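Reviewing the structure listed below.
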Amino acid sequence: MNKKSVYILSFLFLFISLSALAYIYKNKYENKNIKEHFTLIDSISNTSPKEATLLLDSVGSLKLNHHDTNYKKLLEESIRMEQNIYPKSDSLINYLLFQFLASDDSTNITRAFYLRGLFLLKEGNMLEAASSFINAEDFISGCKNKKLKYQITSELANIYNHNKLFRHEIESREKALEYAEGFSDSTAITNSLINLAKAYTNVDSNRVANIDRIRHLIYIIPDSDPEAIPELTKELSLNYEKLQEYDSALYCIDFALSIENDLNKKLGYYKVKGKLLEKTGQTKEAIKLYQIASQANSLEDKLGAYKGLYTIYKSKHNLDSAVFYSDLLIQLQDSIRKDYTEEALEKLNSIQSYKKQRKAYIQNKFEIFRTKALFSNLSIIFLIIVIILILVNLFYRNRKINLEISIKEEKAKLFEIELQKREIENQLLREQREKEAEHLRLISIELQQKETENLLLKEKTEKEQLLAKEMIVKAEYYKRLNLVSVPILSASRDKKGFIFLKPDDWKSIEENTNACFEHFTDRLAKDFTQLSQDDIRFLCLLKMELSLDLLSAVYHVEKNSISKKKGRLRDKMKIENKTLDEFIRGY
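Next comes the structure, spelled out in structure tokens:
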């Protein structure tokens with residue numbers, strides 16, 4: 000093979016490589032723009048489905064690769080289903096799911112499983128829907144769409160709730176709340192808080208812990224969307240009722256009624272309050288509330304109201320009224336049972352139809368994939384044979400050229416060795432000059448270090464002097480505070496050693512603390528608006544660094560109760576990485 004042929008082959012190879020790179024770069028740039036366009040459409044699909052549909056239709060004129068085409072189809076299905084427009088079958092969703100599984104696209108695999116689950120749920124096939132949502136969760140770690148994560152975990156939690164798997168429901172609700180907080184949607188956060196509180200109420204194992212959890216949920220309600228407060232307060236009431244703490248339960252439901260503006264929800268709250276009044280023996284008031292609650296739209300609230308009225312009238316031996324509400328209760332239950340039976344039959348027929356359709360679809364897909372696999376295998380084998388022949392031909396043709404090139408390279412190496420010798424000599428000379436410059440630089444650095452050390456020593460001495468003055472002033476403050484406050488505490492002791500402080504005593508302690516520590520109570524009230532007056536007084540005593548014995552005598556409790564009080568105040572003030580004493584000492 001002559002040199003001219005080698006040059007021609009090299010030019011052809013270079014031209015093909017550059018063309019391929021240009022094609023790849025162009026497709027990559029276009030795909031990036033298309034991906035950004037699809038991301039924008041996805042972000043507005045819930046709030047503006049019509050606009051999202053128009054934007055998606057505009058993509059049709061662009062050149063899409065196979066993956067982007069599938070992505071577009073998946074978005075189209077998602078937007079339609081967001082508007083409750085469901086397809087007749089899930090064939091397209093299943094096809095797209097297989098495609099994305101092959102490309103290992105976690106986000107779109109997750110979305111496809113989610114849409115398939117929604118379709119199955121619509122068809123009444125709850126078991127298959129749950130399986131689809133669980134599969135979506137398996138790929139959720141690679142999904143960056145937090146809203147999609149929230150939707151998946153919420154749907155799965157609803158299924159757990161329907162099947163009374165309350166512990167699994169709580170896990171899914173907690174994840175849903177975390178995802179909702181991640182994309183800062185107040186409506187999603189509110190719904191998550193309410194559903195999570197209801198899930199806690201359904202678990203009977205530890206009511207006290209459930210109450211603490213629901214209280215925590217109330218603390219994290221967004222200020223911009225306080226609608227969840229009445230619902231969560233109602234759930235608190237239900238938990239107190241199951242603990243038979245009826246006073247607390249009544250207080251919570253009264254508070255919920257006072258702040259709820261939705262009339263239909265209020266009717267449900269009246270049912271809860273009526274039940275509490277019934278249990279505390281206030282049957283007249285309970286009857287009034289049950290009668291109001293019987294007007295609710297919720298069938299559950301109606302049933303509860305009728306049942307409560309029947310129970311009260313039966314216990315009062317008012318048989319006419321008892322029979323009247325018993326008939327209403329039975330009629331409503333029969334109506335619900337009839338609707339449930341009809342819905343169950345309809346869903347059963349849908350499930351049978353879906354299974355037949357699914358079986359036919361899988362058989363067709365199997366045949367298509369088997370044909371494609373055979374064609375792909377034959378193409379790959381032919382391509383491998385062609386590549387091997389080309390490589391063998393190039394190897395023998397290039398061997399001769401490589402021998403000629405190696406001789407030229409040997410000559411060039413000898414010349415390079417001579418150049419390297421001269422370069423080494425020049426390098427040694429440069430290194431010697433650099434060493435001398437480095438020596439001078441080190442001397443300069445050493446002088447600068449000494450100046451810095453002297454400056455630091457001077458600053459340290461000044462700081463120690465200021466610290467000594469501050470300690471003297473602090474000692475004077477504590478001396479003045481204790482000279483005024485300790486006699487007040489000592490004078491208020493009784494024979495048992497308990498200290499009874501009057502309002503004037505507290506006022507004196509607060510004024511002295513403010514005088515010694517720069518308006519201590521005013522700063523607390525401003526920085527921590529959640530603190531009560533009793534909390535601020537307790538912090539005044541901590542600022543005085545009183546012993547646990549004195550604190551125990553003032554509050555008439557054991558020392559460990561004082562420690563628990565400190566812990567609760569620390570949580571209330573959201574203090575981290577410090578004890579309450581350390582925080583107040585430096586405040």
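Just so you know, we're using numbering that gives the first Met the number 0 here: the sequence shown kicks off at 0 and counts up by one.
The C-beta atom is built at its ideal place from N, Cα and C for all residues, glycine as well.
All values reported here derive from a predicted model rather than from experimental measurement.
Original post:
Unbroken alpha helix (DSSP H) runs of length 4 or more, entirely within the stretch 53-91: which are they?
Top reply: Counting whole runs of 4 or more residues, the stretch 53-91 contains the alpha helix (DSSP H) stretches 65-81.
Original post:
My guess is that isoleucine 193 and glutamate 230 are in contact by the Cβ rule of under 8 Å, so how many angstroms apart are they, rounded?
Top reply: With a Cβ gap of about 5 Å, isoleucine 193 and glutamate 230 count as contacting.
**OP:** Kindly indicate which three-state DSSP category isoleucine 574 falls into: helix, strand or coil?
**Re:** In the structure shown, the three-state DSSP call for isoleucine 574 is coil.
Original post:
Could you check where the alpha helix (DSSP H) with alanine 227 kicks off and where it finishes?
Top reply: Run containing alanine 227: 227-241, per the alpha helix (DSSP H) assignment.
Original post:
So what does DSSP say about isoleucine 286, is it helix, strand or coil?
Top reply: Residue state, collapsed to three classes: helix.
Subject >> Cα-Cα separation, phenylalanine 365 to serine 105 >> reply: The predicted position of phenylalanine 365 is uncertain, since its pLDDT is 46 and thus under 50; a value taken from the coordinates is nonetheless stated next. When rounded, the distance between both Cα atoms is 23 Å.
**OP:** Tell me whether isoleucine 423 sits in a helix, a strand or coil according to DSSP, three-state version.
**Re:** In the three-state reduction of the DSSP assignment, isoleucine 423 falls in the helix class, which pools H, G and I.
Original post:
Which first and last residues belong to the alpha helix (DSSP H) in which asparagine 260 is found?
Top reply: Neither: asparagine 260 is in no alpha helix (DSSP H) and is coded neither H nor E.
**OP:** Work out the CA separation of leucine 302 and aspartate 333 for me, nearest whole Å.
**Re:** Rounded to the nearest angstrom, the two C-alpha atoms are 11 Å apart.
Subject >> Contact between the stretch 241-248 and the stretch 284-304 (3+ Cβ pairs under 8 Å) >> reply: The stretch 241-248 vs the stretch 284-304: no contact.
Subject >> Nearest candidate by alpha-carbon position, reference glutamine 150, set Glu435, Glu461, Glu234, Lys174 >> reply: Ranked by Cα distance from glutamine 150, the first of Glu435, Glu461, Glu234, Lys174 is Lys174.
**OP:** Identify whether glutamate 583 lies in helix, strand or coil by the three-state DSSP scheme.
**Re:** This sequence places isoleucine at residue 583; glutamate is not what is there. Under the three-state reduction of DSSP output, isoleucine 583 falls in the helix class.
**OP:** Report yes if the C-beta of lysine 148 is less than 7 Å from at least one heavy atom of the ligand SAH; otherwise report no.
**Re:** In the structure shown, the ligand SAH is absent, as is every other ligand, since no ligand is present at all.
**OP:** Taking lysine 506 as the reference, give the member of Phe527, Asp533, Leu298 with the closest Cα.
**Re:** Checking every option, the nearest Cα to that of lysine 506 belongs to Asp533.
**OP:** Taking the CB atoms as reference points, tell me whether isoleucine 108 and leucine 120 lie closer together than 8 Å.
**Re:** Going by C-beta atoms, isoleucine 108 is not nearer than 8 Å to leucine 120.
Original post:
CA-CA distance, isoleucine 329 and lysine 143?
Top reply: Going by C-alpha positions, isoleucine 329 is about 50 Å away from lysine 143.
**OP:** Could you pull the start and end residues of the alpha helix (DSSP H) that serine 546 belongs to?
**Re:** Segment: none, serine 546 is in no alpha helix (DSSP H) and carries neither H nor E.
Original post:
Taking all protein chains shown into account, do 16 or more other C-beta atoms lie within 10 angstroms of the C-beta of lysine 148, making it buried, or fewer, making it exposed?
Top reply: A residue is called buried once 16 or more other Cβ atoms fall within 10 Å of its Cβ, and lysine 148 is buried on that count.
Original post:
In terms of residue numbering, what span does the alpha helix (DSSP H) encompassing alanine 129 cover?
Top reply: Following the DSSP letters along the chain, one finds alanine 129 inside the alpha helix (DSSP H) bounded by residues 125-137.
Original post:
Buried or exposed: glutamine 426, going by 16 or more other Cβ atoms within 10 Å of its Cβ?
Top reply: Taking a 10 Å sphere around the C-beta of glutamine 426, we find fewer than 16 other C-beta atoms and assign the residue as exposed.
**OP:** Return the first residue and the last residue of the alpha helix (DSSP H) that lysine 197 is part of.
**Re:** Taken as a continuous stretch (DSSP letters only), the alpha helix (DSSP H) holding lysine 197 covers 185-201.
Original post:
For the alpha helix (DSSP H) that contains aspartate 103, what are its first and last residues?
Top reply: Premise fails: aspartate 103 is in no alpha helix (DSSP H) and is neither H nor E.
Subject >> Reduced DSSP category for glutamine 529 - H, G, I as helix; E, B as strand; rest coil >> reply: If DSSP states are grouped into helix, strand and coil, glutamine 529 belongs with coil.
Original post:
lysine 274 to glycine 307, Cα distance in whole Å?
Top reply: Linking lysine 274 to glycine 307 through their CA atoms gives a straight-line distance of about 7 Å.
Original post:
Going by the CB atoms, is the gap between glutamate 76 and leucine 39 shorter than 8 Å?
Top reply: Against a cut-off of 8 Å, the Cβ pair of glutamate 76 and leucine 39 comes out as no contact.
Original post:
What are the complete beta strand (DSSP E) segments, minimum 3 residues, inside the stretch 138-190?
Top reply: Qualifying beta strand (DSSP E) stretches: none in this window.
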